[in-house]
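> Numbering (the numbering used here), first residue to last: 25 to 411.
Yeah, the Cβ is synthetic: ideal placement off N, Cα and C, and Gly gets one too.
Treat the numbers as computed from the prediction; the structure is a model and nothing was measured.
The structure is given below, and queries will be raised subsequently.
Here it is, written out as structure tokens:
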């Protein structure tokens with residue numbers, strides 16, 4: 025398939041070079057061709073540079089020791105190996121790390137590294153700046169969509185986390201970052217093309233080599249994109265479910281009006297590669313007095329019948345001015361026991377990173393948080409003045 029050379033934005037407003045990290049192998053090849061690297065050497069040069077960027081994580085052209093100095097100098101005049109700016113890096117008491125990255129002026133995105141007890145961990149990446157879905161329990165849903173992230177910006181989130189964790193080269197033993205989950209800001213299946221391209225780059229076995237079965241894409245239920253996602257990426261699928269009847273799900277997740285549960289479950293049954301070894305994860309946030317009764321548990325069991333599945337029970341993570349409370353722990357355990365007895369694994373997810381607003385449903389770009397904070401201050405001042 026022919027590849028079109030995309031005009032990628034410069035590294036910064038003052039550095040007009042094209043940034044190569046985050047680009048696909050095909051895009052790197054097209055950029056190398058554009059500066060006159062001849063066809064007979066193009067494949068070799070592309071492989072060399074791809075490996076230096078994604079296997080070794082280099083940030084200086086002089087580190088590419090198997091490329092002649094004149095060519096390194098030529099590439100350095102046209103291309104940058106720099107990373108975007110990390111505006112803020114926070115570390116939770118439980119070891120969770122949250123990164124706020126400025127991808128471009130006015131474009132800030134959060135990603136979260138979540139370690140687990142086995143000394144491995146997952147990076148939760150974002151696919152959009154903001155979100156259009158307005159799920160009532162999700163902090164990100166209160167931020168209007170700014171735009172989709174590019175595939176490059178998605179891949180850069182992974183690279184920058186590996187920078188911070190000191191995990192270059194890829195062959196480093198005992199790596200902490202072993203899994204990627206598309207569970208950050210935004211709805212991945214409203215940005216399927218960039219998500220699929222990013223997964224291709226992340227999983228390339230000559231680069232970062234994070235296998236596709238270690239990549240999970242979570243969707244709130246964009247039904248037409250579910251089967252194509254599986255065909256294009258072979259990634260694991262997670263469904264952000266949270267209610268097992270249409271009436272309740274529509275109240276807390278407006279997307280259900282467009283794609284009701286019947287259509288969503290049919291798309292899940294047709295997901296490519298679905299089997300007992302490749303189960304779909306159904307995420308279920310526990311909202312006190314809303315979706316946490318034994319009746320709701322039995323509805324969930326009936327809904328999942330016949331689908332190789334597991335259920336992730338997520339204690340609700342509060343955020344400023346959130347309208348919900350987390351279910352009592354005893355209620356969550358009782359709910360989980362009912363689902364477990366029906367044959368579905370239903371682990372309770374341990375909340376991570378709550379103290380830095382890095383837990384599930386808490387992500388929101390810092391610029392939007394600041395604007396919201398300023399609005400609240402102005403509203404309070406207006407109330408004082410009116411008195």
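For residue 92, does the count of other Cβ atoms within 10 angstroms reach 16, so buried, or fall short, so exposed?
On the chain shown, residue 92 is found 68 positions in, with the first residue counted as 1. That one is exposed.
> Report the residue from 274, 108, 147, 191 whose alpha carbon sits nearest the alpha carbon of residue 244.
For the purposes of this step, residue 244 is identified with residue 220 of the chain shown, where counting begins at 1. Comparing Cα-Cα distances from residue 244 to each of 274, 108, 147, 191, the minimum goes to 274.
> Under 6 angstroms Cβ to Cβ from residue 386, same chain only, skipping five residues before and after it: list those, please.
Looking up residue 386 in the chain shown gives position 362. In this prediction, residue 386 has a pLDDT of 43, which is less than 50 and means its spatial position is unreliable; nothing more can be read from the coordinates.
> Considering only DSSP beta bridges, list what residue 153 is partnered with.
Here residue 153 refers to the residue found at position 129 of the chain shown. Residue 153 is bridged to 171.
> Kindly identify the DSSP beta-bridge partner or partners of residue 338.
On the chain shown, residue 338 is found 314 positions in, with the first residue counted as 1. The partner list for residue 338 (beta bridge, DSSP) reads 309.
> Classify residue 85: buried if its beta carbon has 16 or more other beta carbons within 10 angstroms, exposed otherwise.
Stepping through the chain shown from its first residue, residue 85 is reached at position 61. So residue 85 counts as buried.
> List the endpoints of the continuous alpha helix (DSSP H) containing residue 363.
The residue labelled residue 363 in the question sits at position 339 within the chain shown. Looking at the DSSP string, the run of the alpha helix (DSSP H) that includes residue 363 is 353-365.
> Enumerate in chain order the residues of its own chain whose CB-to-CB distance from residue 390 is below 7 angstroms, with the five nearest sequence positions on each side excluded.
By one-based count along the chain shown, residue 390 stands at place 366. Its pLDDT being 46, under 50, residue 390 is placed unreliably by the model, and the measurement read from it follows with that caveat. Only 111, 112, 124, 132 meet the Cβ criterion.
> Report the start-end ranges of each beta strand (DSSP E) in the segment 245-270 that is 3 residues or longer and not cut off at the edges.
Taking only runs of at least 3 residues, the beta strand (DSSP E) segments lying wholly in the segment 245-270 are 260-264.
> Which residues does DSSP list as the beta-bridge partners of residue 203?
The residue labelled residue 203 in the question sits at position 179 within the chain shown. According to DSSP, residue 203 bridges with 146.
> Can you find the residues in the same chain that come closer than 6 angstroms, C-beta to C-beta, to residue 76, ignoring five residues on each side of it along the sequence?
Here residue 76 corresponds to residue number 52 of the chain shown, with the count starting at 1. For residue 76, where only same-chain residues beyond five positions count, the Cβ hits under 6 angstroms are 82, 88.
> Taking the beta strand (DSSP E) that residue 121 falls in, what are its first and last residues?
Indexing the chain shown from 1 puts residue 121 at position 97. Taken as a continuous stretch (DSSP letters only), the beta strand (DSSP E) holding residue 121 covers 121-128.
> Go to residue 72, then tell me how far its alpha helix (DSSP H) extends in each direction, as first and last residue.
Looking up residue 72 in the chain shown gives position 48. Here the alpha helix (DSSP H) through residue 72 covers 63-78.
> If you run the structure through DSSP and keep just helix, strand and coil, what is residue 58?
Start at 1 with the first residue of the chain shown, and residue 58 comes out as number 34. If DSSP states are grouped into helix, strand and coil, residue 58 belongs with the helices.
> Within this structure, are the beta carbons of residue 323 and residue 269 separated by less than 7 angstroms?
Locating residue 323 in the chain shown gives position 299, counting from the first residue. Locating residue 269 in the chain shown gives position 245, counting from the first residue. Cβ distance < 7 angstroms, so residue 323 and residue 269 count as in contact.
> Assuming residue 110 is part of the alpha helix (DSSP H), what are its boundary residues?
Within the chain shown, numbered from 1, the residue matching residue 110 stands at position 86. Looking at the DSSP string, residue 110 is not in any alpha helix (DSSP H); the run it does join, the beta strand (DSSP E), is 109-115.
> Which residue or residues does DSSP assign as beta-bridge partners of residue 136?
One-based indexing of the chain shown puts residue 136 at position 112. Bridge partners of residue 136: 122, 148.
> Please state whether DSSP places residue 220 in a helix, a strand or coil.
Locating residue 220 in the chain shown gives position 196, where the first residue counts as 1. It is helical.
> Please state the DSSP three-state secondary structure of residue 101.
To locate residue 101, count along the chain shown from 1; it is residue 77. Reduced to three states, the DSSP call for residue 101 is helix.
> Counting Cβ pairs, one atom from each stretch, are 3 or more of them under 8 angstroms apart for the segment 171-188 and the segment 297-315?
The segment 171-188 is not in contact with the segment 297-315.
> Could you give the residue range of the alpha helix (DSSP H) that holds residue 211?
Stepping through the chain shown from its first residue, residue 211 is reached at position 187. From DSSP, residue 211 is part of no alpha helix (DSSP H); its letter is neither H nor E.
> Would you list the residues sitting across from residue 304 in a DSSP beta bridge?
For the purposes of this step, residue 304 is taken as the residue at position 280 of the chain shown. Paired residues: 333.
> Straight-line CA distance for residue 40 to residue 260?
For the purposes of this step, residue 40 is taken as the residue at position 16 of the chain shown. For the purposes of this step, residue 260 is taken as the residue at position 236 of the chain shown. Rounded to whole angstroms, residue 40 to residue 260 spans 38 angstroms at the Cα level.
> Compare the C-alpha of residue 177 against each of 53, 134, 252, 160 and name the closest.
Taking the first residue of the chain shown as 1, we reach residue 177 at position 153. Of the listed residues, the one whose Cα sits closest to residue 177 is 134.
> When the Cβ atoms of the segment 229-240 are set against those of the segment 167-176, are three or more pairs found closer than 8 angstroms?
Output reads no: the segment 167-176 does not touch the segment 229-240.
> My understanding is that residue 175 touches residue 249, with C-beta atoms under 8 angstroms, so please give their C-beta distance in whole angstroms.
The residue you call residue 175 lines up with position 151 of the chain shown. The residue you call residue 249 lines up with position 225 of the chain shown. Not quite, the Cβ-Cβ distance comes to about 16 angstroms (not below 8 angstroms), so this is no contact.
> Closest by CA to residue 107, which one among 157, 252, 179?
Reading the chain shown from its first residue, position 83 is the one you call residue 107. Of the listed residues, the one whose Cα sits closest to residue 107 is 179.
> If I follow the unbroken beta strand (DSSP E) through residue 242, where does it start and stop?
The sequence position of residue 242 within the chain shown is 218, counting from 1. That run of the beta strand (DSSP E) goes 239-243.
> Residues bridged to residue 372 by DSSP?
The count along the chain shown starts at 1 and reaches residue 372 at position 348. The partner list for residue 372 (beta bridge, DSSP) reads 337.
> Rounded C-beta distance between residue 47 and residue 56? I'm assuming under 8 angstroms.
Taking the first residue of the chain shown as position 1, residue 47 is located at position 23. Taking the first residue of the chain shown as position 1, residue 56 is located at position 32. At roughly 11 angstroms, the Cβ-Cβ gap does not stay under 8 angstroms, so residue 47 and residue 56 are not in contact.
> Spatial neighbours of residue 256 within its chain, please: C-beta separation below 7 angstroms, excluding the five flanking residues on both sides.
Here residue 256 refers to the residue found at position 232 of the chain shown. Taken in chain order, the residues that qualify are 220.
> Measure the alpha-carbon distance for residue 352 versus residue 283 and round it to whole angstroms.
Residue 352 sits at position 328 when you count from the first residue of the chain shown. Residue 283 sits at position 259 when you count from the first residue of the chain shown. Between residue 352 and residue 283, the C-alpha separation is close to 30 angstroms.
> Pull up the distance between the alpha-carbon of residue 129 and that of residue 371, whole angstroms please.
Residue mapping note: residue 129 aligns to position 105 of the chain shown, counting from 1. Residue mapping note: residue 371 aligns to position 347 of the chain shown, counting from 1. Going from the Cα of residue 129 to the Cα of residue 371 covers about 41 angstroms.
> Going by DSSP, name the residue or residues bridged to residue 131.
Residue mapping note: residue 131 aligns to position 107 of the chain shown, counting from 1. 128, per the DSSP bridge assignment.
> Applying the 10 Å Cβ sphere with the 16-neighbour rule, what's the burial state of residue 246?
Counted from its first residue, the chain shown places residue 246 at position 222. Classification of residue 246: buried, given that the 10 Å Cβ count is 16 or more.
> Rounded to whole angstroms, what's the CA-CA distance from residue 364 to residue 159? Just pull it up for me.
Residue 364 sits at position 340 when you count from the first residue of the chain shown. Residue 159 sits at position 135 when you count from the first residue of the chain shown. C-alpha separation (whole angstroms): 27 angstroms.
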